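So the structure is just underneath, and the comments pick up after that.
Residue numbers (this note's numbering): 990 to 1086.
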């Protein structure tokens, strides 16, 4: 979680921007089984589904991923949606008419 806080700062957002909306957490039967935050004591294990949605004023991005022994696999994709490659991963682009 801390690396996400640092990334907000690196991208030029205010120190508390991440705290204005939950960032996500494990998902299953509920939208979020529990919200991830800087004081979370719950551990997210391997093969867990995570809905992650970093946001800032006027923007929000959401992905669903599965944790793996070596990291994670993003399972959110729509092959008909425009995309761009960022850091070796296909990411959704802005749809333009």
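Ideal Cβ placement from N, Cα and C applies to all residues, glycine included. A quick note: this is a predicted structure, and the numbers were derived from the prediction, not measured.
CA-to-CA distance, residue j to residue i, given in whole angstroms
i, j, result
"residue 1017", "residue 1025", "14 angstroms"
"residue 1059", "residue 1032", "16 angstroms"
"residue 1067", "residue 1079", "11 angstroms"
"residue 1023", "residue 993", "17 angstroms"
"residue 1007", "residue 1000", "12 angstroms"
"residue 1073", "residue 1047", "21 angstroms"
"residue 1015", "residue 1002", "25 angstroms"
Proximal residues to residue i (C-beta, below 7 angstroms), its chain only, five neighbours per side dropped
i, result
"residue 1054", "1039, 1041, 1061, 1062, 1063 and 1064"
"residue 1036", "1055 and 1056"
Contacting residues, own chain, Cβ-Cβ under 8 angstroms from residue i (five flanking each side not counted)
i, result
"residue 1051", "1013, 1040, 1041, 1042 and 1065"
"residue 1049", "1010, 1042 and 1043"
"residue 1027", "990, 991 and 994"
"residue 974", "Since the first residue of the chain shown is 990 and the last is 1086, residue 974 is not available in this structure."
Beta bridge counterpart(s) of residue i as assigned by DSSP
i, result
"residue 1041", "1013 and 1052"
Presumed contact (8 angstroms Cβ cut-off) between residue i and residue j, rounded CB distance
i, j, result
"residue 1056", "residue 1077", "About 19 angstroms; that fails the 8 angstroms criterion."
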